[in-house]
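The structure appears right after this line, and notes come after that.
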């Protein structure tokens, strides 16, 4: 269990890191929302602050004065039990409050949480603050991927920063890791932080199989493109095939073919694709089709969790073949925080691992990320099984 002093340091470093992510931005970048799924950076700054105010300061601190009464409406995301909120697709219309006002809000709430932790000894409060920290860390990753989408859809393709390395080659030889037939334990079972969707440790039966120790590379995906993978309906789910044709999908997100060569937009700007680095920004549909083309399949989340100790993970969120469902004996958190995970357990696929955008101290082998099957703007990748 984390100590109160460590928790306070963790809180303060998390708040600081969120603002550091925004440091390279121009003021105009803070409000842009190219599509409904992508939230403006200003909204992330406010929402991750609202979470602490709404779930910790307002209900637990006597006499706490809300920073601005309109902010709950503006920065509530989807918590219906809390009250009304701005439609997700309208977040880019929020030219007010100003960026300056939102930073003032962050300073106000950060100080209030800091004061509370120095004055009160309350384990329940500490648990809520730890949840708020990890909630903000989730938004740090979303913030970075949303910034990439905003800049990557700017016709000038401007760079964000030269400091982040998104594409790193796995230099070890490709091998297949065997998983023996048997019964395995799945789920979180330590005293450290986890989300409720990881709880309910249970046993699963797995057939014998193998899982790759390497992620699928850009070169392998180029071969899939050159092999007419996007034109071969036999490789795709019916819904995936409809998605490809309706949206004229011919390559991963951010890829551009210029004078016969493949380039992609990165946070460093437009760059020539490095063939041997792991593919990313692909949907579940594309991951499934590539696996079919390779004569393989995607691992289930249970196979992944069982085998993860034998390979390196953390560059890409790895699509699995598992639907996002509750574990046996799953129990939603009481109150509004029960809306955090449980109500999304439909029409989503589980991704495992982490990515180059995942903040430090926010990954673990039991972490269950989840997204709809068409999602591409996250750092999603492919690990094959057979």
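Numbering (UniProt numbering), first residue to last: 1 to 386. C-beta atoms are modelled at their ideal positions from N, C-alpha and C, and glycine is treated no differently. Given the structure is predicted, the values throughout are model-derived calculations rather than measurements.
#1: Would you give the residue range spanned by the alpha helix (DSSP H) that residue 313 belongs to?
#2: Answer with buried or exposed for residue 384, where buried requires no fewer than 16 other C-beta atoms within 10 angstroms of its C-beta.
#3: What's the gap between the Cα of residue 273 and the Cα of residue 170?
#4: Where residue 76 and residue 247 are concerned, what is the direct C-alpha to C-alpha distance, given to the nearest angstrom?
#5: Which word fits residue 316, buried or exposed, when buried means at least 16 other C-beta atoms lie within 10 angstroms of its C-beta?
#6: Taking residue 18 as part of the alpha helix (DSSP H), name the residues at either end of that continuous run.
#7: Determine the DSSP secondary structure at residue 180, reduced to helix, strand or coil.
#8: Quick check on residue 87: buried or exposed, where buried means 16 or more other Cβ atoms within 10 Å of its Cβ?
#9: How is residue 377 classed by DSSP in three states: helix, strand or coil?
#10: Assuming residue 99 is part of the alpha helix (DSSP H), what are its boundary residues?
#11: Reducing DSSP to helix, strand and coil, say where residue 323 ends up.
#12: Contact defined as beta carbons within less than 8 Å: I believe residue 303 pairs with residue 179. What is the distance between those atoms, to the nearest angstrom?
#13: Output needed for residue 166: all residues of its chain with C-beta closer than 7 Å, excluding positions within five of it in sequence on either side, in chain order.
#14: Would you decide whether residue 53 is buried or exposed? Buried here means 16 or more other CB atoms lie within 10 Å of its CB.
#15: Given this structure, state the Cα-to-Cα distance separating residue 328 from residue 350, to the nearest angstrom.
#16: If contacts are defined as beta-carbon pairs under 8 Å, then residue 149 and residue 38 qualify, I think. What distance do you get, rounded to the angstrom?
#17: Identify the continuous beta strand (DSSP E) that holds residue 261 and give its terminal residues.
#18: Starting from residue 210 and walking both ways along the alpha helix (DSSP H), at which residues does that stretch end?
#19: Let me make sure I understand the geometry here. Which of 79, 280 and 348 has the alpha-carbon closest to that of residue 426?
#20: Quick check on this structure: which residue in 382, 210 and 342 has the alpha carbon closest to the alpha carbon of residue 181?
#21: Pull the bridge partners of residue 255 from the DSSP assignment, please.
#22: Taking C-alpha atoms, which residue in 353, 252 and 49 lies nearest to residue 107?
#23: Could you check what DSSP says for residue 217 in three-state terms: helix, strand or coil?
#24: Measuring alpha carbon to alpha carbon, tell me which of 104, 42, 91 and 60 ends up nearest residue 68.
#25: Looking at the structure shown, is residue 144 part of a helix, part of a strand, or coil, going by DSSP?
#26: Identify, in the order they occur along the chain, each residue of the same chain with its Cβ nearer than 6 Å to the Cβ of residue 326, setting aside the five sequence neighbours on each side.
#27: Where does residue 190 land, buried or exposed, given buried means 16+ other C-beta within 10 angstroms?
#28: Can you check whether the CB of residue 297 is closer than 8 Å to the CB of residue 289?
#29: Near residue 313, which residues of its chain fall below 6 Å by C-beta distance, leaving aside the five closest residues on each side in sequence?
#30: Does the contact criterion of 3 or more C-beta pairs under 8 Å hold for the region 131 to 138 versus the region 2 to 16?
#31: Within a Cβ cutoff of 7 Å, which residues of the same chain sit near residue 60, ignoring the five residues on either side of it in sequence?
#32: Hey, quick one: how far does the beta strand (DSSP E) through residue 205 stretch, first residue to last?
#33: Confirm, please, whether the CB-CB distance from residue 99 to residue 21 is below 8 Å.
The short version:
#1: As a working note, residue 313 is residue 313 in the chain shown. Residue 313 -> no alpha helix (DSSP H), and no H or E assigned at all.
#2: On the chain shown, residue 384 is found 384 positions in, with the first residue counted as 1. Buried: at least 16 other Cβ atoms inside 10 Å.
#3: Within the chain shown, numbered from 1, the residue matching residue 273 stands at position 273. Within the chain shown, numbered from 1, the residue matching residue 170 stands at position 170. Between residue 273 and residue 170, the C-alpha separation is close to 15 Å.
#4: Here residue 76 refers to the residue found at position 76 when the chain shown is read from its first residue. Here residue 247 refers to the residue found at position 247 when the chain shown is read from its first residue. Near 31 Å, if we compare the C-alpha coordinates of residue 247 and residue 76.
#5: Taking the first residue of the chain shown as 1, we reach residue 316 at position 316. So residue 316 ends up on the buried side.
#6: Along the chain shown, read from residue 1 onward, the residue named residue 18 stands at position 18. Run containing residue 18: 4 to 22, per the alpha helix (DSSP H) assignment.
#7: Numbered from its first residue, the chain shown carries residue 180 at position 180. Looking at residue 180 - three-state DSSP - the assignment turns out to be coil, as it is neither helix nor strand.
#8: In the chain shown, the residue the question calls residue 87 occupies position 87. Counting Cβ neighbours within 10 Å, residue 87 comes out exposed, since fewer than 16 surround it.
#9: As a position in the chain shown, residue 377 is number 377, starting the count at 1. Coil.
#10: Position 99 of the chain shown, counted from the start, is the residue given in the question as residue 99. Per DSSP, residue 99 belongs to the alpha helix (DSSP H) from 99 to 119.
#11: Counted from its first residue, the chain shown places residue 323 at position 323. Strand.
#12: Translated into positions along the chain shown, residue 303 becomes position 303. Translated into positions along the chain shown, residue 179 becomes position 179. Their Cβ separation, rounded to whole angstroms, is 6 Å, which keeps residue 303 and residue 179 in contact under 8 Å.
#13: Counted from its first residue, the chain shown places residue 166 at position 166. Answer for residue 166: 266, 267 and 356, listed in chain order.
#14: Locating residue 53 in the chain shown gives position 53, counting from the first residue. Counting Cβ neighbours within 10 Å, residue 53 comes out buried, since at least 16 surround it.
#15: For this step, residue 328 is matched to residue 328 along the chain shown. For this step, residue 350 is matched to residue 350 along the chain shown. Spanning the two alpha carbons is a distance of roughly 16 Å.
#16: In the chain shown, counting from the first residue as 1, residue 149 sits at position 149. In the chain shown, counting from the first residue as 1, residue 38 sits at position 38. Correct: roughly 5 Å between the Cβ atoms.
#17: Taking the chain shown and counting its residues from 1, one reaches residue 261 at position 261. Its beta strand (DSSP E) spans residues 261 to 266.
#18: Position 210 of the chain shown holds residue 210. Note, residue 210: premise wrong, no alpha helix (DSSP H); beta strand (DSSP E) at 209 to 212.
#19: It is not possible to answer for residue 426, since the shown part of the chain is limited to 1 through 386.
#20: Counting from 1 along the chain shown, the entry for residue 181 is found at position 181. Of the candidates 382, 210 and 342, the one whose C-alpha sits nearest the C-alpha of residue 181 is 210.
#21: The residue you call residue 255 lines up with position 255 of the chain shown. BP columns for residue 255 point to 264.
#22: As a first step, residue 107 is located in the chain shown; it is residue number 107 there, counting from the start. The candidate whose alpha carbon is nearest that of residue 107 is 49.
#23: Position 217 of the chain shown, counted from the first residue, corresponds to residue 217. Residue 217 falls in the strand class under three-state DSSP.
#24: As a working mapping, residue 68 is identified with position 68 in the chain shown. Checked all of 104, 42, 91 and 60; the closest Cα to residue 68 is 104.
#25: Residue 144 sits at position 144 when you count from the first residue of the chain shown. Of the three classes helix, strand and coil, the one that applies to residue 144 here is helix, per DSSP.
#26: As a working mapping, residue 326 is identified with position 326 in the chain shown. Counting only Cβ-Cβ distances below 6 Å, and skipping sequence neighbours, we find 345.
#27: Sequence index remark: in the chain shown, residue 190 carries index 190 (1-based). Residue 190 is exposed by the Cβ-count criterion.
#28: Residue mapping note: residue 289 aligns to position 289 of the chain shown, counting from 1. Residue mapping note: residue 297 aligns to position 297 of the chain shown, counting from 1. For residue 289 and residue 297, no; Cβs fall outside 8 Å.
#29: Position 313 of the chain shown, counted from the start, is the residue given in the question as residue 313. Correct list, in chain order: 353.
#30: yes
#31: Stepping through the chain shown from its first residue, residue 60 is reached at position 60. So the qualifying residues of the chain are 125.
#32: Working through the chain shown from its first residue, we reach residue 205 at position 205. Its beta strand (DSSP E) spans residues 202 to 206.
#33: Along the chain shown, read from residue 1 onward, the residue named residue 21 stands at position 21. Along the chain shown, read from residue 1 onward, the residue named residue 99 stands at position 99. Result no, Cβ atoms of residue 21 and residue 99 do not sit closer than 8 Å.
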